[in-house]
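Undergrad:
Numbering (my numbering), first residue to last: 3 to 182.
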């Protein structure tokens, strides 16, 4: 019976040792994951867990690394768009992706704005100074930009129109006509 008690005590001590060891391993991995999430929430996308295990903790770590990689790609796309590159290929990572539709809307709106401004530029180069941008196609600051361009064209065109009217009167021999 003494031998059984010693074996039982050794087995219990072994189980306790294994339990403590597993707890430290799991707690260490979870602590690393918590630290990564804190860094992500602070905007730091450079930290990776690089877990090598294939258990649930390893799968969670790999999913977190993949999330950070995907977010970093989206941030890089945002910088490209902000730099004027509207040819970026923004792809959905899943049907639940809520970021990509927003990026695509930004690209779509900026592309439409570029098209509208190019249309105004082409009309001006072709001498058609009566063409104006369609403010109603846009909202917010984008509508204000088109409205501002339209107002600038009106301001530039006003003295030209007035000068043409004065010249037309003068062409009839009336040299008293003046610009207002």
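From the three backbone atoms N, C-alpha and C, an ideal C-beta is built for every residue, glycine too.
1. Are the beta-carbon atoms of residue 168 and residue 181 separated by less than 8 Å?
2. Whose CA, out of 10, 88, 102, lies closest to the CA of residue 94?
3. Going by DSSP in three states, residue 4 sits in which element: helix, strand or coil?
4. Give me the Cα-Cα distance between residue 66 and residue 87, rounded to the nearest whole angstrom.
5. Given that a residue counts as buried once 16 or more other Cβ atoms are within 10 Å of its Cβ, and exposed if not, what is residue 31?
6. If you draw a straight line from the C-alpha of residue 6 to the C-alpha of residue 56, how long is it?
7. Could you spell out the range, first to last residue, of the alpha helix (DSSP H) harbouring residue 53?
8. Quick one: which unbroken alpha helix (DSSP H) runs of 4-plus residues sit fully inside the stretch 87 to 168? Chain order, please.
9. Okay, do the stretch 67 to 81 and the stretch 41 to 55 touch, 3+ Cβ pairs below 8 Å being the bar?
10. Taking the alpha-carbon positions, what's the residue 33 to residue 64 distance?
11. So what does DSSP say about residue 181, is it helix, strand or coil?
12. Can you tell me whether residue 175 is helix, strand or coil according to DSSP?
TA: For this structure:
1. Yes.
2. It is 102 whose Cα lies nearest to the Cα of residue 94.
3. helix
4. 29 Å
5. buried
6. 38 Å
7. Taken as a continuous stretch (DSSP letters only), residue 53 belongs to no alpha helix (DSSP H), as it is neither H nor E.
8. 102 to 127
9. yes
10. Looking at the backbone, the Cα of residue 33 and that of residue 64 are separated by about 15 Å.
11. coil
12. Residue 175: coil per DSSP, three-state reduction.
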